[in-house]
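Have a look at the structure below before the remarks.
Chains as they are written, first to last, in our numbering: chain H, 8 to 181; chain C, 145 to 410.
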């Protein structure tokens with residue numbers, strides 16, 4: 008079993024809000040920066056998808072690094088399970104978010120619990136509660152953006168799964 | 145004397161009134177009764193880490209021993225924690241009689257916290273200066289400027305640079321960085337009219353911390369404009385445009401573009 012510190016990835020996300028006026032009237036822009044604490048890498052983003060990709064990449068690296076001693080088949084299997092949390096979020100996210108738009112307070116805790124369930128099912132080490140309380144004040148357009156992001160993540164996941172299956176096949180044929 | 149002025153004087157006196165002085169910005173240093181405590185005096189690195197952990201969690205009224213162990217050790221026993229705590233207390237109060245409670249590390253049951261009223265900590269002081277400056281900037285810009293300058297003097301670099309990969313220190317590092325960026329910008333705005341060169345210097349320092357901080361580019365352009373340095377103002381806009389395009393794929397905000405238009409029309 009790898010050391011606990013090698014099984015943990017922490018991310019610090021900074022969002023900076025700018026409200027400005029342009030020819031279309033009042034507008035708002037969010038700029039963000041996500042930092043991976045243990046590795047020191049960081050990424051600026053204007054689209055939350057980029058932050059998700061960055062986090063996902065770091066988590067994949069963590070899984071691969073912690074499974075160096077396993078066979079390629081086992082590695083692929085674990086990587087698949089590791090990516091499962093994103094698949095689940097992508098699958099259940101849009102539906103819950105629609106309900107959230109209708110009744111934000113009630114649904115936010117539901118999202119939190121659902122995500123928590125998925126995380127717990129993969130590893131106890133990843134069992135830190137995902138803090139979504141800050142999202143209570145998100146606007147409808149924020150939710151729309153998130154839904155779009157999750158949809159696109161879902162498509163990317165399909166492609167990634169194909170690639171993983173292809174790798175698995177090529178390993179078996181060797 | 146105004147209440148803001150009194151507050152500023154009292155903050156300045158704080159340093160003299162306290163026996164333990166801790167510096168965390170740009171590097172970690174501890175002074176006890178005007179004597180610098182060398183690294184080797186701490187013994188194990190975990191002793192320093194435990195003390196730094198207490199500083200990072202100084203707003204909490206007590207952190208449970210198990211939580212501390214969980215954050216600082218891979219696998220640890222009570223004994224490891226006790227050894228490190230003993231090391232911290234020995235550094236802070238080398239002559240404390242055994243069985244006497246520590247003045248600086250407060251224990252409540254199984255929870256511990258730092259008695260920050262008895263220790264001078266640079267980040268704590270920096271935050272107090274910025275809070276005073278923010279509160280006084282409307283009514284008394286002189287006090288605000290002094291307080292911002294004091295805060296900036298204290299900022300010698302990021303919080304605990306040798307712990308950047310430690311989870312427990314990252315929240316505080318981020319919080320302080322955002323605070324100091326705000327202080328640079330606020331002081332840059334206050335000095336723009338009478339000391340545009342200082343504004344330029346402050347904006348440049350903000351940009352060196354965060355190269356994507358658009359407000360800093362904007363105020364720097366305004367300062368160059370006031371100094372009559374059109375080429376540098378344009379150059380600053382270009383840099384801003386390049387970095388925003390590279391990092392976010394966006395254009396500068398309309399306010400920044402407006403200043404650029406103004407510069408072009410000159």
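Where is the CB? At the ideal position from N, CA and C, for every residue including glycine.
Pairwise C-alpha distance: residue j and residue i
i	j	result
residue 141 of chain H	residue 39 of chain H	Because the pLDDT at residue 141 of chain H is just 47, under 50, the model does not fix this residue reliably, and the value given afterwards should be weighed accordingly. The straight-line gap from Cα to Cα measures roughly 15 Å.
residue 9 of chain H	residue 73 of chain H	Summary for residue 9 of chain H: the model assigns pLDDT 48, below 50, so the residue's position carries little reliability; its value from the coordinates is reported in the next sentence. In a straight line, the C-alpha of residue 9 of chain H is about 6 Å away from that of residue 73 of chain H.
residue 244 of chain C	residue 198 of chain C	20 Å
residue 48 of chain H	residue 308 of chain C	11 Å
residue 174 of chain C	residue 164 of chain C	7 Å
residue 70 of chain H	residue 405 of chain C	51 Å
residue 23 of chain H	residue 239 of chain C	49 Å
residue 171 of chain C	residue 300 of chain C	8 Å
residue 285 of chain C	residue 179 of chain C	37 Å
residue 35 of chain H	residue 159 of chain H	23 Å
residue 403 of chain C	residue 362 of chain C	8 Å
residue 205 of chain C	residue 181 of chain C	27 Å
residue 65 of chain H	residue 81 of chain H	19 Å
residue 193 of chain C	residue 213 of chain C	11 Å
residue 131 of chain H	residue 153 of chain C	Residue placement at residue 131 of chain H is flagged as unreliable, the pLDDT there being 48, under the threshold of 50; the coordinate-derived value follows with that caveat. Spanning the two alpha carbons is a distance of roughly 52 Å.
residue 410 of chain C	residue 382 of chain C	17 Å
residue 161 of chain C	residue 155 of chain C	10 Å
residue 224 of chain C	residue 33 of chain H	57 Å
residue 352 of chain C	residue 169 of chain H	43 Å
residue 163 of chain H	residue 256 of chain C	47 Å
residue 88 of chain H	residue 171 of chain H	11 Å
residue 76 of chain H	residue 327 of chain C	49 Å
residue 60 of chain H	residue 155 of chain H	14 Å
residue 186 of chain C	residue 235 of chain C	7 Å
residue 146 of chain C	residue 264 of chain C	25 Å
residue 25 of chain H	residue 37 of chain H	6 Å
C-beta atoms of residue i and residue j nearer than 7 Å
i	j	result
residue 151 of chain C	residue 276 of chain C	yes
residue 298 of chain C	residue 266 of chain C	yes
residue 408 of chain C	residue 53 of chain H	no
residue 367 of chain C	residue 329 of chain C	no
residue 248 of chain C	residue 262 of chain C	yes
residue 311 of chain C	residue 20 of chain H	no
residue 103 of chain C	residue 296 of chain C	Nothing can be reported for residue 103 of chain C, as the shown portion of chain C is limited to 145 through 410.
residue 27 of chain H	residue 396 of chain C	no
residue 254 of chain C	residue 226 of chain C	no
residue 391 of chain C	residue 56 of chain H	no
residue 280 of chain C	residue 159 of chain C	no
residue 258 of chain C	residue 202 of chain C	yes
residue 221 of chain C	residue 233 of chain C	no
residue 16 of chain H	residue 41 of chain H	no
residue 168 of chain C	residue 231 of chain C	no
Among the options, the one whose alpha carbon lies nearest that of residue i
i	options	result
residue 360 of chain C	C:331, C:373, C:253	C:331
residue 165 of chain H	H:175, H:155, H:91, H:177	H:91
residue 339 of chain C	C:354, C:290, C:322, C:370	C:370
residue 314 of chain C	C:300, C:261, C:200	C:200
residue 216 of chain C	C:302, C:380, C:195	C:195
residue 365 of chain C	C:257, C:160, C:288, C:378	C:378
residue 384 of chain C	C:350, C:227, C:193	C:350
residue 343 of chain C	C:388, C:289, C:321	C:289
residue 386 of chain C	C:410, C:355, C:325	C:355
residue 389 of chain C	C:358, C:320, C:190	C:358
residue 324 of chain C	C:348, C:292, C:250, C:333	C:292
residue 176 of chain H	H:83, H:161, H:88, H:155	H:83
residue 250 of chain C	C:166, C:221, C:229, C:185	C:229
residue 373 of chain C	C:348, C:400, C:341	C:341
residue 272 of chain C	C:157, C:146, C:218	C:157
residue 334 of chain C	C:166, C:242, C:188, C:283	C:283
residue 207 of chain C	C:306, C:252, C:183	C:252
Residue i: contacting residues in chain H (beta-carbon distance under 9 Å)
i	result
residue 314 of chain C	17, 19, 42, 44
residue 210 of chain C	In chain order: nothing, as chain H lies at least about 14 Å away.
residue 318 of chain C	19, 21, 42
Interface residues of chain C facing residue i [CB-CB closer than 7 Å]
i	result
residue 47 of chain H	308, 309
residue 28 of chain H	398
residue 25 of chain H	397
Closer than 8 Å at the beta carbon, the chain C residues around residue i
i	result
residue 51 of chain H	356, 391, 392
7 Å Cβ cut-off: residues of chain H touching residue i
i	result
residue 156 of chain C	Near residue 156 of chain C there are no residues of chain H at all, since even the closest Cβ is about 32 Å away, more than 7 Å.
Contact test: residue i Cβ vs the ligand ATP heavy atom, cutoff 6 Å
i	result
residue 371 of chain C	Ligands are entirely absent from the displayed structure, and the ligand ATP is therefore not among its contents.
Interface partners of residue i on chain C, CB under 9 Å
i	result
residue 38 of chain H	356, 358, 388, 391, 392, 394
(request) Give the residues from the region 388 to 402 of chain C that approach chain H closer than 7 Å (Cβ to any Cβ), ordered along the chain. (result) 391, 392, 393, 394, 397, 398, 399
(request) Can you give me, in chain order, the residues of the region 285 to 316 of chain C that have a beta carbon less than 7 Å from any beta carbon in chain H? (result) 308, 309, 311, 314
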